[in-house]
Amino acid sequence: MSTTATSPVPGSPREPQQGRPRSEKNHKPTVSAKPVTWKLPVTLLVLAVVAFIFFGLLGPHATAKFGISSGGDFFQLPAIEVPAFLAGIVLSVIMLGLAGYAMFLKTRNIRPPRWLPVLFTVLFVVAFLIWVVGGARTPSISLAGLIAGSVTLAVPIVFGSLSGVLCERSGVVNIAIEGQLLGGAFTAAIVASMTNNPYLGLLAAAVAGALVSMVLAVFSIRYVVNQIIVGVVLNVLISGLTGFLFSTVMQANKEMFNSPGRLPIIEIPVLSSIPVLGPILFKQSVVGYLMYVAVIVVWIGLFKTKWGLRVRSVGEHPQAADTLGIKVNATRFWNVTLGGAVAGIGGSFFTLVAIDSFTKEISGGRGFIALAAMILGRWNPIGAFFAALLFGFADNLQSIVTIIGTPVPSQFMAMLPYLVTVFAVAGLVGRSRPPAASGIPYVKG
Amino acid sequence: MKLELKGITKRFGSLVANDHIDVVVEPGQIHCLLGENGAGKSTLMNVLYGLYEPTEGQILVDGKPVTFRGPGDAMATGIGMVHQHFMLVPVFTVAENVALGAETTKAGGFLNLDDTRRKIQEISDRYGFDVDPDAMIEDLPVGVQQRVEIIKALVRDAKVLILDEPTAVLTPQDTDELLDIMRQLKSHGTSIVFISHKLREVKAVSDTITVIRRGKVVGTADPSASTTELASMMVGRAVNLTLDKAPANPQETTFQVKDLTVIAPSGQHVVDGISFDIARGEILAVAGVQGNGQTELTEAILGLQDRVHGSILLDGEELVGRSVKEVLNAGVGFVPEDRSVDGLIGTFSIAENLILDRYDQAPFAKGISMSPAKVLENAQTRIDEFDVRTPSGSLAAGTLSGGNQQKLVMARELSRPLRLFIASQPTRGVDVGSIEFLHKRIVAERDHGTPVMIISTELDEVIELADRIAVLYKGKLVGIVPAGTRRDVLGLMMAGLSPEDAHADTASKHAARQPGDVPAENPAEPQVSKQAPAAQPVQESSSGAVGDDHE
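Chains as they are written, first to last, in this note's numbering: chain G, 730 to 1174; chain E, 5 to 555.
Below is the structure:
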């Protein structure tokens, strides 16, 4: 290889050179292939080895029992009984195989297919479940209950992450989801108690969330204050305000102010008795059904309608939207407000569905988990929904496992949702790209 | 549609960007607004497009006054604009971008993109655009993106199309195509307002030229006017468009780059196996369309890039892996491409900006204390030497005009003994008067015996300054050719053709013409004292040394 001054260095024999070197077809940079990193294969390998040692070799020699049908089901399925030791070995060997396959692809510089980490995660969770249940004092849990519980716990997270999606897709970072959930929960409790009507409470929760969001919108859009700071301040403010009102007003007269009554669980006949799926889809409160509707409506709205196209353009390239006559800041303002209303409804779940009273900090950081779910779901409502389910599952597993008594200290199990969050947000599932203008105020001129 | 601007004035605070401007755009004409950067052309067009509200004055469409409260109003009236920086959402498809703001919908607000696709196809066919409606914008080359912008305007039935510096981002070939498109649009009855400061293009395509200087119309000209005439109108005094520079007198080679590769965070090889060297007393100009690795190349030399492979030798010492400070101390002077971002700190004073790279050295610093008197004294010397127009060295650098800011950066970098001088886009956004001055200083540095590397996307500048021209395309070095290589050959090289192919491609077209087309001092000019073993690839396309590279 000559490295002389004037020889045109490598790559002279490039793509066949016709007269027009730049047609649309060959515009991709010649050497653009992103390098396949070792991140995924190595992580998978480490996890697979951990699984092999703990779930396999050190696994319990017991039979784990998973109930599928519950008593009232429409037809009964037998419980699954799994020999824990054997299952641990088999599953972890498959995981090792998957990790090996990822390594092999890496050496060939091929990107592992999308299903690979997903399948791996599923196997890992299954192996973990069998290990935990197999090692418990009573090695039997209801799978149906576990899943149904996960969905229930995921409800506020789903609403929160939808709020995040609505805001960030339009270009405003909403750190205040926590505050919106809390505000919704408080308002739902107090309004439902005073009117004796939980449905009014639900409505009031949406209004309260929207009001909290409007503060965020006014400061971050109109006065161009740093959005993260406004969000954090709002969280602290709402937490303090509801805490204060709780101990001064609510505690003083519980009957009057803090006995909202629950929203009824609406069972759809027949369908609700389908094993596993029935309780998830057809045995929910109004808030639960609203969640499914909201996910679908937001997805269709964002990606299939004129409104969504405009919202996304405002979040990606506000100048472009402006030059096409779209009112950037108005679009952002109403989107943030709508996001707040959605989160507010999610907040009502705490006081109208889960428990029938308000306590301090009842949202318990789920607003932040919702943010993580939004990122893990790649700013897509459906992705965020499934990410929220994952967090709900971790949350529920933690409480169930504590009940049946496992070798793992419950404090460790309680860390599970947060560990999942950290790994998820660290980009283990691949690089995600936020809307380009998210967090950047738009000032004309 | 006849468009009239009457007495348009636009003030930003105390700054008068437009001062009673009158322009009449006749139907079916290409009307050029010629003026330097910062003359107020873009402001005027933003007023016309409804992005700014005029402080005074009127816009008349077909004789009737109109007011635009936003771009939506302007578009509804039939005015379309292609901005200098494209207004396209990179993660949307062509169809989505075209639809945005003027969506056709089905019942319930659902998008009807098929309708948009059909419209795009129609316009594409009419003008031969060849644009795929479902391609993602970020995957498209700039030339095609620009066509999408034009389609956007046409879909909205634009009768007047404003093109704001449309050729700034294009290769010479793309530029020629754009000029053709403009002529076609004109023949279909669309009027065009063409904003540019490039005289060649303006002369090639305009029907009428309005010259704007410092926010005022200084006159109209006919496209047949000579370039010097136009230039002096634009600048306000006689300008010498050609640089008087003595032939280079290269001495020993002291700067060598070998197999340099820079890998971007995305994993792309943004600089891909580049080798070249520069001798003392010569200027190597790096040409190429923006975004083909120029920025990363200079940053790699300076030590600002992380993943750099290969070798960069200055006076036999390796620069790869050194910190920026060490590289600067090795005698590298660097003028970054964007002065306001990397070149100076706007809120710091001129004097402080002049010692940014030597703030910790004598005589400006003693131990932990600085001596402001010395700093100011230094500033006064530099201000005089480089003719920076400012009342005082203690003013904030951000208050200077673009040209003066650039002089400031150049003054700082040239104020210490250099072993290598790199200037990236040395005259971008600088008025013609300052360009002359800056070019002279660069040549003076060369004659002083410093190896000089110029990176420029302006072909005119490259041709003006270069002793040799290196062309980059997609991170690779297409070739190094001697000064005086014809524009069209360079243009093809900028699109990725090897020098021989480029010559072959243009040779046929030039066969009829005599070689006098090319500057006089050119073809045979010997590249003296390159100790390069390979023969110089000179004009003739037969120079075999170039193409048969291994790999």
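Think of the CB as a built atom: it goes at the ideal place given N, C-alpha and C, for glycine as much as any other residue.
Neighbour flag for residue i against chain G, beta carbons, 8 Å
{"i": "E/M457", "result": "no"}
{"i": "E/A103", "result": "yes"}
{"i": "E/F133", "result": "no"}
{"i": "E/G113", "result": "yes"}
{"i": "E/P527", "result": "Note that E/P527 scores a pLDDT of 40, beneath 50, so its modelled location is shaky and nothing firm can be said."}
{"i": "E/V345", "result": "no"}
{"i": "E/T109", "result": "yes"}
{"i": "E/V173", "result": "no"}
{"i": "E/L48", "result": "no"}
{"i": "E/E100", "result": "yes"}
{"i": "E/V27", "result": "no"}
{"i": "E/V51", "result": "no"}
{"i": "E/V95", "result": "yes"}
DSSP bridge partner residues for residue i (one or two, in chain order)
{"i": "E/T97", "result": "E/M140"}
{"i": "E/H35", "result": "E/V197, E/T212"}
{"i": "E/M374", "result": "E/A369"}
{"i": "E/I278", "result": "E/L264"}
{"i": "E/Y477", "result": "E/K480"}
{"i": "G/R1162", "result": "DSSP lists no partner for G/R1162."}
{"i": "E/D184", "result": "Its beta-bridge partners do not exist; DSSP assigns none."}
{"i": "G/P812", "result": "G/T792"}
Extent of the continuous alpha helix (DSSP H) run through residue i
{"i": "E/Y131", "result": "117 to 131"}
{"i": "E/Q62", "result": "Unbroken run through E/Q62 is the beta strand (DSSP E), 60 to 65; no alpha helix (DSSP H)."}
{"i": "G/E996", "result": "No alpha helix (DSSP H) contains G/E996, which is instead part of the beta strand (DSSP E) from 994 to 996."}
{"i": "G/E1012", "result": "According to the sequence as given, residue 1012 of chain G is Lys; it is not Glu. It is not in any alpha helix (DSSP H) - G/K1012 instead sits in the beta strand (DSSP E) that spans 1012 to 1014."}
{"i": "E/H443", "result": "436 to 451"}
{"i": "G/E1045", "result": "1035 to 1045"}
{"i": "G/V936", "result": "927 to 946"}
{"i": "G/A1123", "result": "1110 to 1133"}
{"i": "E/L308", "result": "Neither: E/L308 is in no alpha helix (DSSP H) and is coded neither H nor E."}
For residue i, the first and last residue of its enclosing beta strand (DSSP E)
{"i": "E/Q260", "result": "257 to 267"}
{"i": "E/K10", "result": "7 to 16"}
{"i": "E/G223", "result": "220 to 225"}
{"i": "E/A400", "result": "That residue, E/A400, is in no beta strand (DSSP E); it is neither H nor E in DSSP."}
{"i": "E/M457", "result": "456 to 459"}
{"i": "E/K207", "result": "Counting along the chain, E/K207 falls outside any beta strand (DSSP E), though it belongs to the alpha helix (DSSP H) covering 203 to 209."}
{"i": "E/M498", "result": "No beta strand (DSSP E) contains E/M498, which is instead part of the alpha helix (DSSP H) from 491 to 498."}
{"i": "G/S1002", "result": "Careful: G/S1002 lies outside any beta strand (DSSP E) and carries neither H nor E."}
Nearest-angstrom beta carbon gap, residue j and residue i [assumed within contact, 8 Å]
{"i": "E/G61", "j": "E/G11", "result": "4 Å"}
{"i": "E/I196", "j": "E/L174", "result": "Actually they are not in contact, since the Cβ atoms of E/I196 and E/L174 sit about 16 Å apart, beyond 8 Å."}
{"i": "G/G1068", "j": "G/S942", "result": "6 Å"}
{"i": "G/G938", "j": "G/G913", "result": "5 Å"}
{"i": "E/V93", "j": "G/S1042", "result": "5 Å"}
{"i": "E/A283", "j": "E/Q309", "result": "The Cβ separation is near 25 Å, so there is no contact."}
{"i": "G/L806", "j": "G/P993", "result": "28 Å between Cβ atoms; not a contact."}
{"i": "E/T510", "j": "E/V482", "result": "The pair is not a contact, with the Cβ atoms about 15 Å apart (cut-off 8 Å)."}
CB contact below 8 Å: residue i versus chain E
{"i": "G/L1038", "result": "yes"}
{"i": "G/K1033", "result": "yes"}
{"i": "G/Q1048", "result": "yes"}
{"i": "G/S1042", "result": "yes"}
{"i": "G/L1053", "result": "yes"}
{"i": "G/E810", "result": "no"}
{"i": "G/E1090", "result": "no"}
{"i": "G/E1045", "result": "yes"}
Item to complete: Name, going along the chain, the residues of the stretch 1055 to 1087 of chain G whose beta-carbon falls closer than 9 Å to a beta-carbon of chain E.
Response: Those residues of the stretch 1055 to 1087 of chain G that come within reach of chain E (Cβ to Cβ, closer than 9 Å) are I1055, K1056.
Worksheet item: When you check each C-beta in the stretch 73 to 90 of chain E against every C-beta of chain G, which residues fall closer than 9 Å?
Response: G74, P75, G76, D77, A78, M79, A80, M85, H87, H89, F90
Practice prompt. Anything in the stretch 293 to 309 of chain E with a Cβ closer than 9 Å to a Cβ of chain G? List those residues in chain order, please.
Written response: none
Worksheet item: Between the stretch 280 to 292 of chain E and chain G, which residues of the former have a C-beta closer than 7 Å to a C-beta of the latter?
Response: Considering only beta carbons, the part of the stretch 280 to 292 of chain E lying closer than 7 Å to chain G consists of F280, D281, in chain order.
Item to complete: Could you name the residues of the stretch 228 to 250 of chain E whose beta carbon sits closer than 9 Å to any beta carbon of chain G, in the order they occur along the chain?
Response: none
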